[in-house]
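Taking it in order: structure first as structure tokens, then the write-up.
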Amino acid sequence: GTWTLAIHGGAGSMSRQNLSAAEDAIARAGLAAALDAGVAILEQGGSALDAVEAAVKVLEDDPHFNAGRGSVFTYEGRNEMDAAIMDGATRAAGSVAQSTRTRNPVTLARAVMTASPHVLLSGEGADAFSVEQHLEQVDPAWFATPERLRQLEELKNRRSGHFDIDMKYG
Amino acid sequence: TVGAVATDAQGHVAAATSTGGLTGKRWGRIGDTPLIGAGTYADDRACAVSATGAGEYFIRIGVAHEIAARVRLQKEALEQAAATVFSELTEMGGVGGVILCAPDGQHAWLFNTPAMYRGSASADGARRIAIY
Chain A
1 GTWTLAIHGG AGSMSRQNLS AAEDAIARAG LAAALDAGVA ILEQGGSALD
51 AVEAAVKVLE DDPHFNAGRG SVFTYEGRNE MDAAIMDGAT RAAGSVAQST
101 RTRNPVTLAR AVMTASPHVL LSGEGADAFS VEQHLEQVDP AWFATPERLR
151 QLEELKNRRS GHFDIDMKYG
Chain B
1 TVGAVATDAQ GHVAAATSTG GLTGKRWGRI GDTPLIGAGT YADDRACAVS
51 ATGAGEYFIR IGVAHEIAAR VRLQKEALEQ AAATVFSELT EMGGVGGVIL
101 CAPDGQHAWL FNTPAMYRGS ASADGARRIA IY
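Below you can see the structure in the form of structure tokens.
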């Protein structure tokens, strides 16, 4: 049968006109790894749902992308992650906002979809639900990277507007 | 923000999106990613969509659902539906991009920013990675 997979992997630099050769190579390697993870499932006849979760998990674990490990910082210096997943066959959906301890937020979103009657859980409740579902927990420090902290400090020093997306590395 | 959309060999579609949000966000700000229909949507009757960009605009338009609705009800092609919704997004001042795929295996992407890291692969062996 026909299968297809498409991914996007924002590193927080959508407004930049140029990447260095090293940055370009890192981004392409990350995208290639995510494609590989999803394709491995689809090639074997696996589900689209499993494929999108697998691809996103790779990008969440890659510190160069703004999701999971490598997420940007809030103003208060925290990493708070949001994620969602949806199954087109049933229109079942799950999502989380302000997740702070689940290694892969997309997997927590899927647990919301499959193991709760809800669609969106947030904050401390989402974190607690994750523990109850026995999902992999990490110390919040695991998500933090020096580069993202530098970006937060740069933003604060520039005192830019609250929605200056060029500066906010979103 | 990262995301993926897929069509499997059974013709089912799915979408997933994940993000750290915006640097320096305050007051518990939440963007479009976890809002089903804004940044993420999947419907076998139409397509799957994952979005990235200025979330507040995607929320106001309901970008992901709006694209899927146009495909389902207007029978528009993926590119046409996305372009129509993005013209509205751009007019409002929103920036970002979407990736899409349909149950028949077609896929597309559209963005109104200089760069969107993206990639695709298909059963026919096609594989592409692009940034600009």
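As they're listed, the protein sequences go chains A and B.
According to my numbering, the first sequence holds residues 1 to 170 in order.
According to my numbering, the second sequence holds residues 1 to 132 in order.
Every residue gets a Cβ at the ideal spot worked out from N, C-alpha and C, and that includes glycine.
Asked	Found
I need the straight-line Cα distance from residue 119 (chain B) to residue 98 (chain B), nearest angstrom please.	12 Å
Taking residue 117 (chain B) as the query, report the chain A residues whose CB atoms sit under 7 Å from its CB, ordered along the chain.	8, 9, 10, 11, 27 and 31
My output table needs one value for residue 29 (chain B): the three-state DSSP class, helix, strand or coil.	coil
If you drop the 5 nearest sequence neighbours on each side, which residues of the same chain put their C-beta closer than 6 Å to that of residue 86 (chain A)?	93
DSSP beta-bridge partners for residue 137 (chain A)?	A:102
State the start and end residues of the unbroken beta strand (DSSP E) segment that holds residue 87 (chain A).	81-87
What is the DSSP secondary structure of residue 165 (chain A), reduced to helix, strand or coil?	Low per-residue confidence applies at residue 165 (chain A): pLDDT is 49, beneath 50, and the placement is therefore not dependable, though the value from the model is reported in the following sentence. It is helical.
Do residue 97 (chain A) and residue 34 (chain B) have their beta-carbon atoms positioned less than 8 Å apart in this structure?	yes
So does the stretch 2-22 of chain B actually touch the stretch 95-112 of chain B, counting three or more Cβ pairs closer than 8 Å?	yes
Hey, does residue 12 (chain B) have any beta-carbon neighbour from chain A nearer than 8 Å?	yes
Residues in its own chain within less than 7 Å of residue 54 (chain A) by CB, not counting five upstream and five downstream?	37, 38 and 41
Between the alpha carbons of residue 74 (chain A) and residue 23 (chain B), how many angstroms are there, rounded?	6 Å
Going by DSSP in three states, residue 99 (chain B) sits in which element: helix, strand or coil?	strand
Nearest to residue 40 (chain B) by CA position, among B:5, B:20 and B:26, is which residue?	B:5
Does the contact criterion of 3 or more C-beta pairs under 8 Å hold for the stretch 42-58 of chain B versus the stretch 130-150 of chain A?	no
So which residues on chain B does residue 125 (chain A) lean against when the C-beta distance must stay under 7 Å?	Simply none; closest approach about 13 Å.
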